[in-house]
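Q: Protein chains in written order, with full-length UniProt numbering: chain P, 1 to 65; chain Y, 1 to 401. First the structure, which I've put down as structure tokens, then a few questions once you've had a look.
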């Protein structure tokens, strides 16, 4: 599973960083999502799934490829 | 069943501080998308299910324009006040909203907030010290709930804390539904005039604080002007202290009234972040903020909402929707669910949410660690709850130890 982040939609709420700080960070200037691990595994993948479900702007998704 | 005939009048009062207004449950079961009557006799739609509230707040066909005549408000005349000034972030729509939010959201990232931790701990400790050194009982609102977030937001924005009595009284009047329109307008004007002068000073000599950095950013990017900055300052100053203050008071009250939950927190500090999420869900202190007006016909929850109609996303109802939160009326610090909409949802979700989370975590951790004998100093059913405010909370919380 690959994380797809649409930074043009992101509103910088930071909820993904709370879900999985090893996988997500925020841009220092604009606060928008920075994906640190594109293909997380194990527990990190679970955290990434939570982040996708909680993201307020719909900026995050998981792709099968 | 849905009905075009309004059966419920909002705002509804809570009959118990631990539960949303009782009307909401009936609405959620019988007509989750209901017509409601607002003050002044206008009607609007109210959404009560978690799924519908999230769908509406994430849908760009709903506008946040608080000056739109169809925008639903709990206080008559609110649109007129909003229309007199440049819209702040919470009232903007695309394409203005995105760049305006991005210009400031970098100040509120999880990392930036974590960097404030030592200073916030110091502020919390000083206020707990002062409370412990003072007479018993103490009013927790005056001793801790209000001064801690006020000081933090002042230092972050670059507003002199020495003026706190001035801006706390104005924000309080602005949020009180029983305040006559003229009083609200006066409070808004005085607060704006104060921040207008402050921004003028920062434009003359930019300071190293959020508002000073915004001045420099405006010059760099050529986006935004003086009036935009005043609107931003008013929004951040009010939102930055009133909401967190009320959550500190209510959260402390809830923990004192639920000793089993309090023990969970004291036994295991890892419970803390989840505990704060649960308290946010449980109280859902802002119900009316997550309102919108439809810009085109949209179907929500099987009901057609027409362009121009107002919609209230009732956050406390959504956060007590049993489909998403089993046993919603139970305070369960180990629930482990961040799907609540206590900070809203969609592009406008609370800008300061990570500051609020951190302040609440630090205050509850410090207070219950340092004052293990903390208890209420008045009967719970006699406490002055903010039933007349757009943000739920407590006017006073007498405690002793």
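We put the beta carbon where it would ideally sit given N, CA and C, even for glycine. It should be emphasised that the depicted structure is a prediction, and the values quoted were computed from it without experimental measurement.
For residue 53(P), does the three-state DSSP call read helix, strand or coil?
A: Residue 53(P) falls in the helix class under three-state DSSP.
Q: Quick one: what does DSSP say residue 138(Y) is sitting in, helix, strand or coil?
A: strand
Q: Would residue 30(Y) be called buried (16 or more neighbouring beta carbons within 10 Å of its own) or exposed?
A: exposed
Q: Quick check: residue 141(Y) and residue 14(P), are their CB atoms within less than 7 Å of each other?
A: 7 Å or more divides the Cβ of residue 141(Y) from the Cβ of residue 14(P).
Q: List, in chain order, every chain P residue whose beta-carbon is nearer than 8 Å to that of residue 338(Y).
A: 15, 18, 19, 50, 54
Q: For chain Y, find out if any of its Cβ atoms is closer than 7 Å to the Cβ of residue 44(P); answer yes or no.
A: No, because no Cβ of chain Y sits closer than 7 Å to the Cβ of residue 44(P).
Q: Under the assumption that residue 83(Y) contacts residue 345(Y) (Cβ atoms under 8 Å), give the Cβ distance between them as a whole number of angstroms.
A: Not really, about 26 Å apart at Cβ, beyond 8 Å.
Q: Alpha carbon to alpha carbon, what distance is there between residue 107(Y) and residue 210(Y)?
A: 7 Å
Q: Can you check whether the CB of residue 137(Y) is closer than 7 Å to the CB of residue 294(Y)?
A: No, the pair does not count as a contact, with Cβ atoms beyond the cut-off.
Q: Do three or more CB pairs link the segment 276-288 of chain Y to the segment 48-55 of chain Y at distances below 8 Å?
A: no
Q: Taking 7 Å as the CB-CB limit, is residue 47(P) close to chain Y?
A: no
Q: Can you confirm whether residue 349(Y), when its beta carbon is compared against all beta carbons of chain P, has any partner nearer than 7 Å?
A: yes
Q: If you pair each beta-carbon of the segment 241-251 of chain Y with each one of the segment 351-364 of chain Y, do three or more pairs fall below 8 Å?
A: yes
Q: Just the Cα atoms here: how many angstroms apart are residue 330(Y) and residue 18(Y)?
A: For residue 330(Y) and residue 18(Y), the distance between alpha carbons rounds to 9 Å.
Q: By DSSP's criteria, residue 394(Y) is part of a beta bridge. Which residues make up the other side?
A: 385(Y)
Q: Please list the terminal residues of the continuous alpha helix (DSSP H) segment that includes residue 116(Y).
A: Note, residue 116(Y): premise wrong, no alpha helix (DSSP H); not H, not E.
Q: So, helix, strand or coil for residue 335(Y), using DSSP?
A: coil
Q: Taking its Cβ as the centre, do 16 or more other Cβ atoms sit within 10 Å of residue 229(Y), making it buried, or is it exposed?
A: buried
Q: Among the residues of its own chain, which have a CB less than 8 Å from the CB of residue 57(P), if the five just before and after it don't count?
A: If the five residues before and after residue 57(P) are omitted, its C-beta is found closer than 8 Å to the C-beta atoms of 9, 10, 11, 13, all from its own chain and listed in chain order.
Q: Thinking C-alpha only, which one of 322(Y), 233(Y), 226(Y), 400(Y) is nearest residue 368(Y)?
A: 400(Y)
Q: Under 8 Å Cβ-Cβ, which residues of chain Y neighbour residue 30(P)?
A: 102, 105, 106
Q: Which chain Y residues are close to residue 41(P), counting only those with a beta carbon under 7 Å from its beta carbon?
A: Result: empty, since nearest Cβ-Cβ is about 22 Å, beyond 7 Å.
Q: Since residue 110(Y) meets chain P, which of its residues come closer than 7 Å, beta carbon to beta carbon?
A: Using a Cβ-Cβ cut-off of 7 Å, residue 110(Y) is close to 14, 17, 18, 26 of chain P, given in chain order.
Q: Using the Cβ count rule (16 or more neighbours within 10 Å means buried), how would you classify residue 16(Y)?
A: exposed
Q: With 7 Å as the threshold, decide whether the Cβ of residue 224(Y) is near any Cβ in chain P.
A: When Cβ-Cβ separations below 7 Å define contact, residue 224(Y) makes no contact with chain P.
Q: Assuming residue 207(Y) contacts residue 158(Y) under a Cβ cut-off of 8 Å, what Cβ separation, rounded to an integer in Å, is found between them?
A: 5 Å
Q: At least one CB of chain P closer than 7 Å to the CB of residue 364(Y): is that the case?
A: no
Q: Among 238(Y), 152(Y), 127(Y), which residue has its Cα nearest to the Cα of residue 116(Y)?
A: 152(Y)
Q: Evaluate the contact criterion for the segment 34-42 of chain P versus the segment 118-130 of chain Y: three or more CB pairs, one atom per stretch, below 8 Å.
A: Per the Cβ contact rule, the segment 34-42 of chain P is not in contact with the segment 118-130 of chain Y (fewer than 3 Cβ pairs under 8 Å).
Q: What three-state label does DSSP hand residue 288(Y) in the structure shown?
A: coil
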